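Just so you know, numbering that gives the first Met the number 0 puts 25 at position 26 of the sequence shown, and the rest follows in order with no gaps. Single-structure report; data block below.
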Amino acid sequence: MSGHGTPIPMTSTPCGALTGTAQVPGDKSISHRALILGAMCVGETTITGLLEGQDVLDTAQAMRDFGAEVTDHGSGRWSVRGVGVGGFAEPERVIDCGNSGTGVRLIMGAMATQPITATFSGDASLNGRPMARVTDPLALFGCQTVGRSAGRLPMTLVGARDPIPVRYTVPVPSAQVKSAVLLAGLNAPGETVVIEQEATRDHTERMLAGFGAEISVRDTDAGREITLTGQPELVPQHIDVPRDPSSAAFPVCAALIVPGSDVLVPNIGLNPTRAGLFTTLREMGADLTYENEREEGGEPVADLRARYSPDMKGIEVPPARAASMIDEYPVLSVVAANATGQTVMRGVKELRVKESDRIEAMASGLRANGVTVEDGPDWWIVTGLGAGKVPGGATCASHLDHRIAMSFLILGMAAQSPVHVDDGGPIATSFPIFEPLMTQLGADVQRD
């Protein structure tokens, strides 16, 4: 699959029980950060289990363009020979980040305090997403930007020649914005401070500490305060990337709604800033258990076992949980359609500015398949029909969004009639083995 090429229409047909083991890819968030921080070390960082989806491959190429030596050794084994903090070279070509909002925003942060100029672009979806939320705080360091109206890509950044440290309160819960500011702070003298009113995924803080940066986190009346001392010498590491909880969401949710299913999803990262979906599913009555719980590389990990759960009930998801499951609301809405009662999701305006307007995309597709959905600026409510009662039969637009495409294909596995997706190509950006993995479990997913 390609996230950038000719559309790939796909159909998911109601199937029998899903069984077996689902070896999902490595965590996308950690894969991006491992490549970027590896490029900012002096020496060689080795990485195993790297997600080899297009989003991460685009970040790997970007690090090469900035002067790092990035090598694919096969089977998910990579190495990065970095150029040190402040050592990025000026790229000779446009940095193409494809479909990845995480990639472009983190890379912008990493280069914003270096005395170089770079132009960033992406696919049609990425070029329509707001970048001002990142470029505004980067301007405080002294970085200058020139882009399209409304702060959209393509955009040129002129890095600060004499960066200054900043103190910045993140206005909306966003790990991407927080991470961009912290990465910019690496090459600024003194202390850069980021305050977030709601905790978001903390992979950047954990990995910065692992690479030898001086970073501290404390809770204050204003929120979670992260302090980074700039201009460290980062120490190369070996990173064993845990498997992606956002990818695990798809086989887990499929198993919960397809009769007779029993699926094991091993080695899933359960960082508390990422595991909100699994907590929510269990509150709905899902038969979802954690096995072999352990810690690897400073991150909690477990094997997930998901079994068919026909008696799930809709719940009100706590708004404070949104940041820990923001990418999983689309597939949660599919589970909600197969539960009974209303699932209420509030405090989720961030979904409006993802790869697509995910609330609108899912609401439209679910309605077309016979499900009642209400929605507003930062909330939506799915009224479940009960197990096996979703009519299906519609064609849904993916809007160049991998998670929308996969969510509707999961819907088709438990609907009464097949569900069609206009373009499954974007799935390759995060889950390139989705189709064969789900087929191996027993799903019937076909390219049209």
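Note that the Cβ used here is the ideal one computed from N, Cα and C, for glycine as well. On a predicted model such as this, the values are computed, not experimentally measured, just so you know.
> Which ranges does the beta strand (DSSP E) cover as unbroken runs of at least 3 residues, wholly within the stretch 269-318, from first to last along the chain?
Replying inline: You should have 286-295 and 298-306.
>> For residue 144 and residue 157, I'd like the C-alpha separation in whole angstroms.
In response: Position 145 of the sequence shown, counted from the start, is the residue given in the question as residue 144. Position 158 of the sequence shown, counted from the start, is the residue given in the question as residue 157. So the two alpha carbons sit approximately 6 Å from each other.
> Rounded to whole angstroms, how far is the Cβ of residue 454 from the Cβ of residue 62, which I believe are closer than 8 Å?
Replying inline: This structure cannot settle anything about residue 454, because the visible part of the chain is limited to 0 through 447.
> When DSSP builds the beta bridges, which residues end up paired with residue 218?
Replying inline: Taking the first residue of the sequence shown as position 1, residue 218 is located at position 219. Answer is 223.
> Can you list, in chain order, the residues of its chain whose CB lies under 6 Å from that of residue 395, leaving out five sequence neighbours each side?
Replying inline: To locate residue 395, count along the sequence shown from 1; it is residue 396. Cβ contact annotation for residue 395 (same chain, cutoff 6 Å, sequence separation greater than five): 364, 407 and 420, in chain order.
>> For residue 441 and residue 49, which I take to be in contact (beta-carbon distance under 8 Å), what is that distance rounded to the nearest angstrom?
In response: Position 442 of the sequence shown, counting from 1, holds the residue named residue 441. Position 50 of the sequence shown, counting from 1, holds the residue named residue 49. Not quite, the Cβ-Cβ distance comes to about 28 Å (not below 8 Å), so this is no contact.
> Is the distance from the Cβ of residue 254 to the Cβ of residue 261 below 8 Å?
Replying inline: The residue given as residue 254 occupies position 255 in the sequence shown. The residue given as residue 261 occupies position 262 in the sequence shown. Result yes, Cβ atoms of residue 254 and residue 261 sit closer than 8 Å.
>> Using the Cβ count rule (16 or more neighbours within 10 Å means buried), how would you classify residue 113?
In response: By 1-based counting over the sequence shown, the position of residue 113 is 114. Buried: at least 16 other Cβ atoms inside 10 Å.
> What whole-angstrom Cβ distance do residue 54 and residue 97 have, given they're in contact under 8 Å?
Replying inline: Residue 54 sits at position 55 when you count from the first residue of the sequence shown. Residue 97 sits at position 98 when you count from the first residue of the sequence shown. Yes, residue 54 and residue 97 are in contact; Cβ-Cβ is about 6 Å, under 8 Å.
> Residues in its own chain within less than 6 Å of residue 159 by CB, not counting five upstream and five downstream?
Replying inline: To locate residue 159, count along the sequence shown from 1; it is residue 160. These residues qualify, in order along the chain: 112, 140, 141 and 142.
>> By alpha-carbon positions, which one of 278, 303 and 299 ends up nearest to residue 290?
In response: On the sequence shown, position 291 is the one that residue 290 refers to. Selected option, being the one with the closest Cα: 303.
>> Only counting the same chain, and skipping five residues up and downstream in sequence, which positions put a Cβ closer than 8 Å to that of residue 215?
In response: Taking the first residue of the sequence shown as position 1, residue 215 is located at position 216. Closer than 8 Å at the Cβ level, and outside the excluded window around residue 215, lie 225 and 226.
> Does the stretch 384-404 come close enough to the stretch 414-434 to have 3 or more Cβ pairs within less than 8 Å?
Replying inline: yes
> Which residues bound the beta strand (DSSP E) around residue 43?
Replying inline: As a first step, residue 43 must be located in the sequence shown, where it is residue number 44. 41-47 is the span of the beta strand (DSSP E), which, as asked, contains residue 43.
> Apart from the five residues just before and just after residue 41, which ones in its own chain have a Cβ nearer than 7 Å to its Cβ?
Replying inline: Within the sequence shown, numbered from 1, the residue matching residue 41 stands at position 42. Answer for residue 41: 81, 83 and 232, listed in chain order.
>> Rounded to whole angstroms, what is the Cα-Cα separation between residue 366 and residue 309?
In response: Along the sequence shown, one-based indexing puts residue 366 at 367. Along the sequence shown, one-based indexing puts residue 309 at 310. If I take the Cα positions, the gap works out to 21 Å.
>> Which of the three DSSP states is assigned to residue 202 in this structure?
In response: Residue mapping note: residue 202 aligns to position 203 of the sequence shown, counting from 1. Of the three classes helix, strand and coil, the one that applies to residue 202 here is helix, per DSSP.
>> So, does the stretch 102-112 touch the stretch 128-135, judging by three or more C-beta pairs under 8 Å?
In response: yes
>> Using only CA atoms, which one of 22, 9, 266 and 66 lies nearest to residue 34?
In response: The residue you call residue 34 lines up with position 35 of the sequence shown. Out of 22, 9, 266 and 66, 66 has the C-alpha closest to the C-alpha of residue 34.
>> Please identify the residue among 201, 192, 246 and 187 whose C-alpha is closest to the C-alpha of residue 167.
In response: On the sequence shown, residue 167 is found 168 positions in, with the first residue counted as 1. Checked all of 201, 192, 246 and 187; the closest Cα to residue 167 is 192.
> Residues in its own chain within less than 7 Å of residue 30 by CB, not counting five upstream and five downstream?
Replying inline: Along the sequence shown, one-based indexing puts residue 30 at 31. Within the same chain, residue 30 has close Cβ partners 49, 50, 55 and 240.
> Can the beta-carbon of residue 183 be found less than 8 Å from the beta-carbon of residue 223?
Replying inline: In the sequence shown, the residue the question calls residue 183 occupies position 184. In the sequence shown, the residue the question calls residue 223 occupies position 224. No Cβ-Cβ contact shorter than 8 Å links residue 183 with residue 223.
>> To the nearest angstrom, how far is the alpha carbon of residue 195 from that of residue 28?
In response: Indexing the sequence shown from 1 puts residue 195 at position 196. Indexing the sequence shown from 1 puts residue 28 at position 29. If I take the Cα positions, the gap works out to 19 Å.
>> Distance check for residue 78 and residue 91, CA to CA, integer angstroms please.
In response: What you label residue 91 is simply residue 92 of the sequence shown in a count that begins at 1. What you label residue 78 is simply residue 79 of the sequence shown in a count that begins at 1. Straight-line Cα distance between these residues: approximately 22 Å.
> Does the Cβ-Cβ distance between residue 292 and residue 301 come in under 8 Å?
Replying inline: Position 293 of the sequence shown, counted from the start, is the residue given in the question as residue 292. Position 302 of the sequence shown, counted from the start, is the residue given in the question as residue 301. A contact, by the Cβ cut-off of 8 Å.
> Is residue 130 helix, strand or coil when you go by DSSP?
Replying inline: The residue given as residue 130 occupies position 131 in the sequence shown. Correct three-state label for residue 130: coil.
>> Contact between the stretch 332-346 and the stretch 378-385 is defined here as three or more beta-carbon pairs at a separation below 8 Å; is this criterion met?
In response: yes
> Name the DSSP beta bridge partners of residue 416, please?
Replying inline: As a working mapping, residue 416 is identified with position 417 in the sequence shown. DSSP, once it has assigned bridges, lists 391 as partnering residue 416.
> Expressed to the nearest angstrom, what Euclidean distance is found between the alpha-carbon atoms of residue 449 and residue 324?
Replying inline: The structure shown does not extend to residue 449, since the chain is modelled only from 0 through 447, so no value can be given for it.
> How is residue 444 classed by DSSP in three states: helix, strand or coil?
Replying inline: The residue you call residue 444 lines up with position 445 of the sequence shown. In the structure shown, residue 444 sits in a strand (DSSP, three-state: E or B).
> Does the beta-carbon of residue 234 have 16 or more other beta-carbons within 10 angstroms, so that it is buried, or is it exposed?
Replying inline: Position 235 of the sequence shown, counting from 1, holds the residue named residue 234. Exposed, because fewer than 16 other Cβ atoms sit within 10 Å of the Cβ of residue 234.
> Whole beta strand (DSSP E) runs in the stretch 53-83 with 3 or more residues, listed along the chain?
Replying inline: If one requires a minimum length of 3 residues, the beta strand (DSSP E) runs lying completely within the stretch 53-83 are 68-73 and 76-82, in chain order.
> Helix, strand or coil for residue 233 per DSSP?
Replying inline: Within the sequence shown, the letter at position 234 stands for residue 233. Correct three-state label for residue 233: coil.
> Does DSSP put residue 146 in a helix, a strand or coil?
Replying inline: Taking the sequence shown and counting its residues from 1, one reaches residue 146 at position 147. The answer is strand: DSSP assigns residue 146 an E or B state.
> Which word fits residue 445, buried or exposed, when buried means at least 16 other C-beta atoms lie within 10 angstroms of its C-beta?
Replying inline: Taking the first residue of the sequence shown as position 1, residue 445 is located at position 446. Burial call: exposed.
> Considering only residues of the same chain and omitting the five flanking positions on each side of residue 32, which have a CB-CB separation below 8 Å?
Replying inline: Counting from one through the sequence shown, the residue named residue 32 turns up at place 33. The residues are 105, 178, 202, 203 and 206.
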